[in-house]
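**Student:** Chains as they are written, first to last, in the numbering used here: chain A, 2 to 234; chain B, 2 to 234; chain C, 2 to 234; chain D, 2 to 234.
Protein chains: 4
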Amino acid sequence: MNRTRFENLDEQKKERLLDSAAEEFAEHGYEGASLNKILERAGMSKSSLYHYFEDKADLFMSLTERSVAILMCEIGGFDPQALTAESYWPVLEGRVRRALELSNRNTWYVKLGRMMLRFRSLPKGMDRSNRLYRAARSFVEATLLRGQELGVVRTDLPQSLMVDSAMALGEAIDAWMLTHWDDMTPEERLAMVGVNFELFRRLLAAPSEVSSAASPGGGFRAGRGGREDFKKS
Amino acid sequence: MNRTRFENLDEQKKERLLDSAAEEFAEHGYEGASLNKILERAGMSKSSLYHYFEDKADLFMSLTERSVAILMCEIGGFDPQALTAESYWPVLEGRVRRALELSNRNTWYVKLGRMMLRFRSLPKGMDRSNRLYRAARSFVEATLLRGQELGVVRTDLPQSLMVDSAMALGEAIDAWMLTHWDDMTPEERLAMVGVNFELFRRLLAAPSEVSSAASPGGGFRAGRGGREDFKKS
Amino acid sequence: MNRTRFENLDEQKKERLLDSAAEEFAEHGYEGASLNKILERAGMSKSSLYHYFEDKADLFMSLTERSVAILMCEIGGFDPQALTAESYWPVLEGRVRRALELSNRNTWYVKLGRMMLRFRSLPKGMDRSNRLYRAARSFVEATLLRGQELGVVRTDLPQSLMVDSAMALGEAIDAWMLTHWDDMTPEERLAMVGVNFELFRRLLAAPSEVSSAASPGGGFRAGRGGREDFKKS
Amino acid sequence: MNRTRFENLDEQKKERLLDSAAEEFAEHGYEGASLNKILERAGMSKSSLYHYFEDKADLFMSLTERSVAILMCEIGGFDPQALTAESYWPVLEGRVRRALELSNRNTWYVKLGRMMLRFRSLPKGMDRSNRLYRAARSFVEATLLRGQELGVVRTDLPQSLMVDSAMALGEAIDAWMLTHWDDMTPEERLAMVGVNFELFRRLLAAPSEVSSAASPGGGFRAGRGGREDFKKS
DNA sequence: GATGAATGAGTTTTCATTCAT
DNA sequence: CATGAATGAAAACTCATTCAT
């Protein structure tokens, strides 16, 4: 709530708290997370936390809000309306590539990703107000809508089903990347972008579009040969 | 653990406990779930629980084990090796249809579905032993593998990524159906099976297969025409 | 709530808990009372308390309920309908005397008395359900009503005002007795009964009755001479 | 403590703080009251409070002190020594009437009244220093003493008992008036002054005085006739 | 003179689990 | 077999108070 209070705080302390919180929430979910442990890791006193946030829910929501702000700024920050039929898929893929590069350097985004996996299920009353998820959803929705206007995204599915499916697929891919993160070299990771992105196209592209769907950038070149590396779940 | 003890229990009591547990785990996740509340709802004494199960984790795992047994028996109960190139997709779609019909009558499956959404993240050490998820995974894996043998499932993706994506999509569709359940007539629900199934095919089918992918029973309007989309992907 | 659980408890432990609770509530009021301190004094574990009672409020109400049961049984346990015009005041005075004798021997009643002083003001929602106060009130009300039927209690005041005044006076006298308890010998205490009782008659008696109001038993004999003893506070 | 500091404060801020404090103390008692909530309602910073007052106890005592000052000035502000046998009761009744009129317009007095109900029991060491209660008490005491000198107040009771009883009755009547406030017309309210005042006389008047106790202004029906009740008591 | 930051000890309540019977 | 009693540890959250600026 009292956002300014927290914003005026020493940058280092802020970071330690948010980092600790993100980690705890990511690992144990909202209900399973322990404020005690968050505070212990952050080296902060219990009452200080309550000086800055109203309660556990407020901390959680502030965290997600902040995250989404950063994320949107760095990754999603482009106007769907500016897309054209030609640029649509390439631009999106570029964004995905960008996100991956960021994650490559900054563990924050990894934690954030793991948090998102938890977001579908929150104590009732909170999932409505879960801003990160809502923001991400509406961003995806807008983007898909623009794609439909341009004729590059299919129009034969219920909107919400399409958004849900896309987000689920995105989460799954994220999770997979996270899980196999350490088994891949940075180059392999980048190569996966092409693979992953093609999945989205399969799911969402309009019929006419599909034929030209040779993944434009980077592509999936690690192809055939490298497959077995990943057999281990 | 002490399987026999529990199996010898009055059928009604068993059901009440498992139902209550499934609901609680589904709603709050593993860590957020409260044994107290499970027992309260089931009308069972605390000590009884510990007579039958070793601890919270044991209850959870027994529950998932049992669930998967039922699920496999009623839905997945078919031998992937018996599938042929022609029967592959139709049989699978039949199974999906079957699952939908079951959900129609039995809330158990709904709870089960919600539980599965939680399964990706469990306290460390437990996710290894999460049998429901593993069982479901390995079943899906086997089925996809068979599909690859038959040449109807793509082979250009890491196994685990394909399984993850498929399951995520399945969950998303499940959740969507649950959410929109009351907005649809029974006929519409059945019609959706075709739609949903087509999503799976898009994601997983081998290039050669795609053109012949007429969803057999589904009343999915935009259907037919769009089939050749996948020729090149 | 789960009354039986508590009733089946070792008599000594019960007493220690209730004693400790009564003392704490009496000293600090409902909101100011600390469960920690109650438990510490009673030598009971925190979770045990919650095994027997639902929460702080439940403990408090159970305590008052129990108290009122004992009190009514030993002091108020007489049928107002059985009173006659002649016996009315003497019987009541006898009861007051009885209560004083009990208090003389049992510290429980003293604590109970101090608790009652707090009862008018409780967290909103609880004062309604405060059974001790309500029980005491309705007992007083019934008794006064009977007195009016017999023509020995005035009828020129609003019922509720009369009851409130009577109870307030009763509390004040109780408190006074409690405060000066240790300054008086048991005989002096008994002597005060006459004095105190006369105050009630003054307040409540019907005009016709007052003239005959020479305090029947024990009377106020300590009279003139002994007055200065009590000047302090 | 630091009286001057506080007095130099903006009048509006002062009022808001005292109002908020009075409300909180009245509702939850001294121990149950929360400084945090008082400050929140008053829109004042925590450190400001500690600039003006030493601690919670100091705030409470300053509040009561101030209250009693106002109260004495507006209601009790008369010299008991100036009373005569004839004017004694009429003057007192006038004052009661005055208090009622004030309450009619100013919620402050209502809060004050509710606070007083709490004053009998404070954390040990504080009840001694509770100035409002002591001031009120000593004022009542002085007034009763003067009444005894004039022969219009009974002398057969311990001082402190008489004071306690009188104050308790006053509080009860106050509370009753508060509760039934909205059920009465302004005229009825004024009429009740006579009724209420007669209760005080019954309790406190000397035997010789009772016969002449015509409540001067009160429209109290049953009034007159019942006066000689007290001749003998 | 005035305030936001910070906190340790406290609050009530719930947790999963053990044990004696 | 079955269960009520009992608990230590931890949960989220609030308290009155201090201190550096």
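Beta carbons are placed, not taken as given, at the ideal position from N, Cα and C, and that holds for glycine.
Going by CA-CA distance only, name the one from D:Leu-72, D:Leu-205, D:Ser-68 and D:Glu-199 that's closest to Leu-145 of chain D.
**Tutor:** Taking the first residue of the fourth sequence as 1, we reach residue 145 of chain D at position 144. Taking only the C-alpha atoms, the option nearest Leu-145 of chain D is D:Leu-205.
**Student:** Starting from the C-beta of Arg-6 of chain C, find all residues in its chain whose C-beta is less than 8 Å away, skip the five residues before and the five after it, and write them out in chain order.
**Tutor:** The sequence position of residue 6 of chain C within the third sequence is 5, counting from 1. Cβ neighbours of Arg-6 of chain C beyond the five flanking positions: His-52 and Tyr-53.
**Student:** Give the single residue among A:Glu-142, A:Leu-36 and A:Ala-43 whose Cα lies nearest to the Cα of Asp-59 of chain A.
**Tutor:** Counted from its first residue, the first sequence places residue 59 of chain A at position 58. Ranking the options by Cα distance to Asp-59 of chain A, first place goes to A:Leu-36.
**Student:** Do Arg-96 of chain C and Leu-191 of chain C count as a contact pair if the criterion is CB distance below 9 Å?
**Tutor:** Position 190 of the third sequence, counted from the first residue, corresponds to residue 191 of chain C. Position 95 of the third sequence, counted from the first residue, corresponds to residue 96 of chain C. No; because the gap between Cβ atoms is not below 9 Å, this pair is not in contact.
**Student:** Cutting at 6 Å between CB atoms, please list the residues of its own chain near Arg-67 of chain C, excluding the five before and the five after it.
**Tutor:** Numbered from its first residue, the third sequence carries residue 67 of chain C at position 66. Excluding residues within five positions, none has a Cβ falling inside 6 Å.
**Student:** For Lys-1 of chain A, I'd like the list of residues in its chain whose CB is within less than 7 Å of its CB, leaving aside the five on either flank, ordered along the chain.
**Tutor:** Nothing can be reported for residue 1 of chain A: it is not among the residues displayed for chain A, which extend from 2 to 234.
**Student:** By a C-beta neighbour count over all protein chains shown, 10 Å radius and 16 as the cutoff for buried, is Leu-72 of chain D buried or exposed?
**Tutor:** The residue you call residue 72 of chain D lines up with position 71 of the fourth sequence. Leu-72 of chain D comes out buried.
**Student:** Whole angstroms is fine: what's the gap from Leu-151 of chain C's alpha carbon to Ala-167 of chain C's?
**Tutor:** Position 150 of the third sequence, counting from 1, holds the residue named residue 151 of chain C. Position 166 of the third sequence, counting from 1, holds the residue named residue 167 of chain C. Going by the C-alpha atoms only, they are around 18 Å apart.
**Student:** Rounded to whole angstroms, what is the Cα-Cα separation between Val-69 of chain A and His-29 of chain A?
**Tutor:** To locate residue 69 of chain A, count along the first sequence from 1; it is residue 68. To locate residue 29 of chain A, count along the first sequence from 1; it is residue 28. C-alpha separation (whole angstroms): 20 Å.
**Student:** Applying a beta-carbon distance threshold of less than 9 Å, which residues of chain B neighbour Val-196 of chain A?
**Tutor:** Indexing the first sequence from 1 puts residue 196 of chain A at position 195. The answer, in chain order, is Asp-157, Leu-158, Pro-159 and Leu-162.
**Student:** Listed from N- to C-terminal order along the chain, which residues in the segment 7–37 of chain B have their beta-carbon within a distance smaller than 7 Å of any beta-carbon of chain A?
**Tutor:** His-29, Gly-30, Glu-32 and Gly-33
**Student:** Cβ of Leu-64 of chain C within 9 Å of Cβ of Met-45 of chain C?
**Tutor:** On the third sequence, residue 64 of chain C is found 63 positions in, with the first residue counted as 1. On the third sequence, residue 45 of chain C is found 44 positions in, with the first residue counted as 1. Taking 9 Å as the Cβ cut-off, Leu-64 of chain C and Met-45 of chain C do not qualify as a contacting pair.
**Student:** Tell me, please, which residues DSSP counts as bridged to Val-97 of chain A.
**Tutor:** Numbered from its first residue, the first sequence carries residue 97 of chain A at position 96. Bridge partners of Val-97 of chain A: none, in fact.
**Student:** Give every residue of the same chain whose Cβ lies closer than 7 Å to the Cβ of Lys-47 of chain B, excluding the five residues on either side of it in the sequence, and list them in chain order.
**Tutor:** Start at 1 with the first residue of the second sequence, and residue 47 of chain B comes out as number 46. Excluding residues within five positions, the ones whose Cβ falls inside 7 Å are Leu-40.
**Student:** Do Val-196 of chain B and Glu-94 of chain B have their C-beta atoms within less than 9 Å of each other?
**Tutor:** One-based indexing of the second sequence puts residue 196 of chain B at position 195. One-based indexing of the second sequence puts residue 94 of chain B at position 93. Not closer than 9 Å, so no.
**Student:** Can you check whether the CB of Gly-148 of chain A is closer than 9 Å to the CB of Leu-84 of chain A?
**Tutor:** Translated into positions along the first sequence, residue 84 of chain A becomes position 83. Translated into positions along the first sequence, residue 148 of chain A becomes position 147. Against a cut-off of 9 Å, the Cβ pair of Gly-148 of chain A and Leu-84 of chain A comes out as a contact.
**Student:** For the alpha helix (DSSP H) that contains Glu-87 of chain B, what are its first and last residues?
**Tutor:** Reading the second sequence from its first residue, position 86 is the one you call residue 87 of chain B. It is not in any alpha helix (DSSP H) - Glu-87 of chain B carries neither H nor E in the DSSP assignment.
**Student:** Residues in the segment 54–70 of chain D with C-beta within 9 Å of chain C's C-beta atoms, listed in sequence order?
**Tutor:** Within the segment 54–70 of chain D, not one residue has a Cβ closer than 9 Å to any Cβ of chain C.
**Student:** Pop quiz: Trp-177 of chain C and Asp-175 of chain D are said to be a contact at Cβ under 8 Å. What is the actual Cβ separation, rounded to whole angstroms?
**Tutor:** For this step, residue 177 of chain C is matched to residue 176 along the third sequence. For this step, residue 175 of chain D is matched to residue 174 along the fourth sequence. Rounded, the Cβ-Cβ distance is 20 Å, inconsistent with contact.
**Student:** Below 8 Å on C-beta distance, what does Glu-172 of chain D contact in chain C?
**Tutor:** On the fourth sequence, position 171 is the one that residue 172 of chain D refers to. Residues of chain C passing the Cβ test: Ala-169.
**Student:** What does the Cβ neighbour count give for Lys-125 of chain C, buried or exposed, with the cut at 16 atoms within 10 Å?
**Tutor:** One-based indexing of the third sequence puts residue 125 of chain C at position 124. With fewer than 16 neighbouring CB atoms inside 10 Å of its own CB, Lys-125 of chain C falls in the exposed class.
**Student:** Say whether chain A places a C-beta atom closer than 9 Å to the C-beta of Ser-48 of chain B.
**Tutor:** Numbered from 1 along the second sequence, position 47 holds the residue referred to as residue 48 of chain B. So, not an interface residue.
**Student:** So what does DSSP say about Ala-240 of chain C, is it helix, strand or coil?
**Tutor:** A question about residue 240 of chain C goes unanswered here, because the residues of chain C that appear run from 2 up to 234.
**Student:** Report the option in C:Ala-27, C:Ala-43 and C:Gly-33 whose CA atom is closest to the CA atom of Gln-13 of chain C.
**Tutor:** Stepping through the third sequence from its first residue, residue 13 of chain C is reached at position 12. Among C:Ala-27, C:Ala-43 and C:Gly-33, the Cα nearest to that of Gln-13 of chain C is on C:Ala-43.
**Student:** Considering Cα atoms alone, identify which of B:Trp-182, B:Tyr-89, B:Glu-102 and B:Glu-8 is closest to Val-154 of chain B.
**Tutor:** Mapped onto the second sequence, residue 154 of chain B falls at position 153. Selected option, being the one with the closest Cα: B:Tyr-89.
**Student:** Return helix, strand or coil for Val-164 of chain A, following the three-state DSSP convention.
**Tutor:** Within the first sequence, the letter at position 163 stands for residue 164 of chain A. Val-164 of chain A: helix per DSSP, three-state reduction.
**Student:** Just curious, the alpha helix (DSSP H) that Met-62 of chain A is in, first and last residue?
**Tutor:** Along the first sequence, one-based indexing puts residue 62 of chain A at 61. 57–72 is the span of the alpha helix (DSSP H), which, as asked, contains Met-62 of chain A.
**Student:** Cutting at 8 Å between CB atoms, please list the residues of its own chain near Leu-200 of chain B, excluding the five before and the five after it.
**Tutor:** One-based indexing of the second sequence puts residue 200 of chain B at position 199. Here the set comprises Leu-170 and Ile-174.
**Student:** Output the distance between the C-alpha atoms of Pro-159 of chain A and Glu-142 of chain A, rounded to the nearest integer angstrom.
**Tutor:** Start at 1 with the first residue of the first sequence, and residue 159 of chain A comes out as number 158. Start at 1 with the first residue of the first sequence, and residue 142 of chain A comes out as number 141. Going from the Cα of Pro-159 of chain A to the Cα of Glu-142 of chain A covers about 12 Å.
**Student:** Please list the partners that Leu-204 of chain C has in chain D, where partner means a Cβ-to-Cβ separation under 9 Å.
**Tutor:** Residue 204 of chain C sits at position 203 when you count from the first residue of the third sequence. The answer, in chain order, is Leu-170, Leu-200, Arg-203 and Leu-204.
**Student:** Strictly under 9 Å for the Cβ-Cβ distance: is Pro-187 of chain D near chain C by that measure?
**Tutor:** The residue given as residue 187 of chain D occupies position 186 in the fourth sequence. Not an interface residue.
**Student:** Excluding sequence positions up to five away, which residues of its chain have a Cβ less than 7 Å from the Cβ of Pro-81 of chain D?
**Tutor:** Position 80 of the fourth sequence, counted from the start, is the residue given in the question as residue 81 of chain D. Only residues of its own chain outside the window of five on either side were considered, and among them Ala-143, Thr-144 and Arg-147 have a CB closer than 7 Å to the CB of Pro-81 of chain D, listed in chain order.
**Student:** Can you tell me where the alpha helix (DSSP H) holding Asp-20 of chain A begins and where it ends?
**Tutor:** Along the first sequence, read from residue 1 onward, the residue named residue 20 of chain A stands at position 19. From DSSP, the alpha helix (DSSP H) with Asp-20 of chain A extends over 12–33.
**Student:** Establish whether the CB of Ser-212 of chain D and some CB of chain C are separated by less than 9 Å.
**Tutor:** Here residue 212 of chain D refers to the residue found at position 211 when the fourth sequence is read from its first residue. The pLDDT assigned to Ser-212 of chain D is 47, lower than 50, so where the model puts this residue is not dependable, and the model offers no usable value.
**Student:** What are the boundary residues of the alpha helix (DSSP H) that includes Leu-50 of chain D?
**Tutor:** For the purposes of this step, residue 50 of chain D is identified with residue 49 of the fourth sequence, where counting begins at 1. Per DSSP, Leu-50 of chain D belongs to the alpha helix (DSSP H) from 47–53.
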